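See below for the structure under consideration.
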Amino acid sequence: MGRQIKKAVFPVAGLGTRFLPATKAMPKEMLTVVDRPAIQIVVDEAREAGIEHFIFVTGRNKGVIEDHFDKQYELEETLRQRGKIKELTLLQADLPGAGQTSFTRQQEPLGLGHAVWCARDLVGGEPFALLLPDVLVHAERGCLAQMMDVYNAHGGNIIAVEEVPRERIHNYGIVGVGEELDSAFRITGMVEKPTADEAPSNLMILGRYILQPEIFDVLSSQDPGSGGEIQITDAMISLMESQDFFGCRFEGRSYDCGDKIGFLTANVAFALGREDIGPNFLSALQDILKDQTS
Ligand code: G1P
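Encoded structure:
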């Protein structure tokens, strides 16, 4: 059911002011979780879900992201000469194929909805995935791959959701929950960054979406909403009048790397999950915690 999703949009234009001075000369999306840039982890998630074209909406000072997804001949040659075949293989495996990436710029910070709209010509008239790189998901099977199952069963538009504690509700878009289906539920409404009392549930919009291309028509005349910015949530609310939206409670855990605690926690979770360093990292962590509590 529904047309196959081949393209994904990654809005990476944000300034990353919460991570200054780390982000003074480096995009926040290049901050590393263990040894992989955050954006690489999100691109990996998209590839696992079958995405074949990666569209980045960038801004000034984001050129390094484009370089990261390009072949580095000199580096590869040096690794080859030094016999570092493992590292070379790793680099080559991470690289998207020729013509599989596109970059466009959001020239002004007018909001997430506007950033997505900047990708309209690159996406064209087909359904697409939208992944916000601030959010990393640690899961056995990637979040977007799990959402594809829901899309293949129900079509329409799919939004990944996760329970959020009451005191953090005001940071997110929150969905209203309708009919429960096999692996998903029908979304009855959405509110961008409500107070805990206004929120229709405790399920937050995580930052992973599968959207139909009509969202671009809505976005082209979308007025600014919460925070004075053009919001993707507001455009989705309009699109709900004519299209189905389904919520996907995926298996796994998300880390909001938009703030320091989330970013540090992601590093801990991803490091502990790694076969090569997990066990040693755990004992190092236990030593620190012992010192803290003694
Ligand atoms: C955006 C979305 C919001 C969503 C959040 C997830 O907000 O507008 O609905 O819950 O991402 O991280 P932002 O974090 O860009 O303010």
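The number in our numbering is simply the position in the sequence shown, starting from 1, with 1483 added.
For glycine and all other residues, C-beta sits at the position ideal for the given N, C-alpha and C.
Note that the structure is predicted; figures quoted are calculated from it, not measured.
Query - Alpha carbon of His1653 to alpha carbon of Glu1559, nearest angstrom - result: Within the sequence shown, numbered from 1, the residue matching residue 1653 stands at position 170. Within the sequence shown, numbered from 1, the residue matching residue 1559 stands at position 76. When rounded, the distance between both Cα atoms is 46 Å.
Query raised in the report: If we count Cβ pairs, one from each stretch, closer than 8 Å, do we get three or more for the region 1490 to 1498 versus the region 1520 to 1538?
Result: Yes, the region 1490 to 1498 touches the region 1520 to 1538.
Query raised in the report: Going by the C-beta, is Gln1769 closer than 8 Å to any heavy atom of the ligand G1P?
Result: Within the sequence shown, numbered from 1, the residue matching residue 1769 stands at position 286. Checking the Cβ of Gln1769 against the ligand G1P gives no.
Report task. May I ask you to check if the CB of Asn1654 is nearer than 8 Å to at least one heavy atom of the ligand G1P? Result -> The residue given as residue 1654 occupies position 171 in the sequence shown. Correct: Asn1654 has its Cβ closer than 8 Å to the ligand G1P.
Query raised in the report: Between Ala1667, Leu1578, Gly1638, Gly1499, which lies nearest to Pro1592 when the distance is taken from Cα to Cα?
Result: By one-based count along the sequence shown, residue 1592 stands at place 109. The shortest C-alpha separation from Pro1592 is found at Gly1499.
Requested in this report: State yes or no: is the C-beta of Val1516 within less than 9 Å of the C-beta of Asn1750?
Outcome: Start at 1 with the first residue of the sequence shown, and residue 1516 comes out as number 33. Start at 1 with the first residue of the sequence shown, and residue 1750 comes out as number 267. Yes, Cβ-Cβ distance for Val1516 and Asn1750 is below 9 Å.
Query raised in the report: On the three-pair Cβ rule with 8 Å, is the region 1671 to 1688 touching the region 1634 to 1648?
Result: They touch, by the three-pair rule.
Query raised in the report: Helix or strand or just coil, what does DSSP make of Ser1703?
Result: Position 220 of the sequence shown holds residue 1703. Here DSSP, grouped into helix, strand and coil, assigns Ser1703 to coil.
Query raised in the report: What residue from Cys1601, Lys1569, Ile1771, Arg1732 has the CA that sits closest to Leu1664's CA?
Result: Translated into the one-based positions of the sequence shown, residue 1664 becomes position 181. Comparing Cα positions, the closest option is Arg1732.
Query - Host alpha helix (DSSP H) of His1637 (start-end) - result: Locating residue 1637 in the sequence shown gives position 154, where the first residue counts as 1. Element bounds for His1637: 1626 to 1637.
Query raised in the report: Considering only residues of the same chain and omitting the five flanking positions on each side of Glu1734, which have a CB-CB separation below 8 Å?
Result: As a first step, residue 1734 must be located in the sequence shown, where it is residue number 251. Once the five neighbours on either side are set aside, the close Cβ partners of Glu1734 are Ala1622, Glu1623, Arg1624, Gln1629.
Query raised in the report: What whole-angstrom Cβ distance do Met1719 and Ile1698 have, given they're in contact under 8 Å?
Result: Locating residue 1719 in the sequence shown gives position 236, counting from the first residue. Locating residue 1698 in the sequence shown gives position 215, counting from the first residue. Met1719 to Ile1698, Cβ: 7 Å. Contact.
Query raised in the report: Hey, would you say Thr1671 sits closer than 9 Å to Gly1659, going by beta carbons?
Result: Locating residue 1671 in the sequence shown gives position 188, counting from the first residue. Locating residue 1659 in the sequence shown gives position 176, counting from the first residue. A contact, by the Cβ cut-off of 9 Å.
Report task. Quick one: grab the DSSP three-state call for Thr1665. Result -> On the sequence shown, residue 1665 is found 182 positions in, with the first residue counted as 1. The residue you asked about is not Thr; residue 1665 is Asp in the sequence shown. Residue state, collapsed to three classes: coil.
Query raised in the report: If you draw a straight line from the C-alpha of Ala1752 to the C-alpha of Arg1588, how long is it?
Result: Along the sequence shown, one-based indexing puts residue 1752 at 269. Along the sequence shown, one-based indexing puts residue 1588 at 105. About 32 Å.
Query raised in the report: Do you know whose CA, among Ser1709, Ser1703, Arg1736, lies nearest Trp1600's CA?
Result: Translated into positions along the sequence shown, residue 1600 becomes position 117. With distances taken between Cα atoms, Trp1600 lies closest to Ser1703.
Requested in this report: Please name the residue in Ala1679, Arg1691, Glu1681 whose C-alpha comes closest to that of Leu1595.
Outcome: Numbered from 1 along the sequence shown, position 112 holds the residue referred to as residue 1595. Nearest C-alpha to Leu1595: Arg1691.
Requested in this report: In the DSSP assignment, find the beta strand (DSSP E) that holds Val1540 and state where it starts and stops.
Outcome: Looking up residue 1540 in the sequence shown gives position 57. That run of the beta strand (DSSP E) goes 1536 to 1541.
Query raised in the report: Cβ-heavy atom distance between Ile1688 and the ligand G1P below 8 Å?
Result: Taking the first residue of the sequence shown as position 1, residue 1688 is located at position 205. Ile1688 Cβ: within cutoff of the ligand G1P.
Query raised in the report: Exposed or buried, what is Tyr1556 when buried is set at 16 or more other beta-carbons lying within 10 Å of its beta-carbon?
Result: Here the question's residue 1556 lines up with position 73 in the sequence shown. So Tyr1556 ends up on the exposed side.
Query - Nearest-angstrom Cα separation, counted from Glu1650 out to Glu1531 - result: As a position in the sequence shown, residue 1531 is number 48, starting the count at 1. As a position in the sequence shown, residue 1650 is number 167, starting the count at 1. Cα to Cα, Glu1531 sits roughly 33 Å from Glu1650.
**Report entry** Inter-residue Cα distance where the pair is Cys1740 and Gln1523
**Finding:** Taking the sequence shown and counting its residues from 1, the one referred to as residue 1740 is at position 257. Taking the sequence shown and counting its residues from 1, the one referred to as residue 1523 is at position 40. Those two C-alpha atoms are separated by around 14 Å.
Requested in this report: Please name the residue, chosen from Ile1568, Asp1700, Asn1635, Gly1607, that lies closest to Ser1725 on a Cα-to-Cα basis.
Outcome: Translated into the one-based positions of the sequence shown, residue 1725 becomes position 242. Per the Cα distances, Asp1700.
**Report entry** Ile1698: CB within 8 Å of a non-hydrogen atom of the ligand G1P
**Finding:** Indexing the sequence shown from 1 puts residue 1698 at position 215. No, the Cβ of Ile1698 stays beyond 8 Å of every heavy atom of the ligand G1P.
Query raised in the report: At a cut-off of 8 Å, is Asp1434 close to the ligand G1P when judged by its beta-carbon and the heavy atoms of the ligand?
Result: An answer regarding residue 1434 cannot be provided, because it is not within the stretch 1484 to 1777 covered by the chain.
Requested in this report: Leaving out five residues on either side along the sequence, give the residues of the same chain with a beta carbon under 8 Å from the beta carbon of Asp1742.
Outcome: What you label residue 1742 is simply residue 259 of the sequence shown in a count that begins at 1. These residues qualify, in order along the chain: Arg1501.
Query - Rounded distance between the beta-carbons of Pro1510 and Val1495, thought under 8 Å - result: One-based indexing of the sequence shown puts residue 1495 at position 12. One-based indexing of the sequence shown puts residue 1510 at position 27. The Cβ separation is near 7 Å, so the contact holds.
Requested in this report: Kindly indicate which residue of Ile1693, Gly1708, Ser1666, Pro1696 has the alpha-carbon position closest to the one of Lys1676.
Outcome: Sequence index remark: in the sequence shown, residue 1676 carries index 193 (1-based). The candidate whose alpha carbon is nearest that of Lys1676 is Gly1708.
Query - alpha helix (DSSP H) runs wholly inside the region 1668 to 1725, at least 4 long, in chain order - result: 1697 to 1702, 1715 to 1722
**Report entry** Distance, Gln1575 Cα to Gly1566 Cα
**Finding:** The residue given as residue 1566 occupies position 83 in the sequence shown. The residue given as residue 1575 occupies position 92 in the sequence shown. Those two C-alpha atoms are separated by around 15 Å.
Query raised in the report: Would DSSP call Pro1610 helix, strand or coil?
Result: Position 127 of the sequence shown, counting from 1, holds the residue named residue 1610. Coil, per DSSP.
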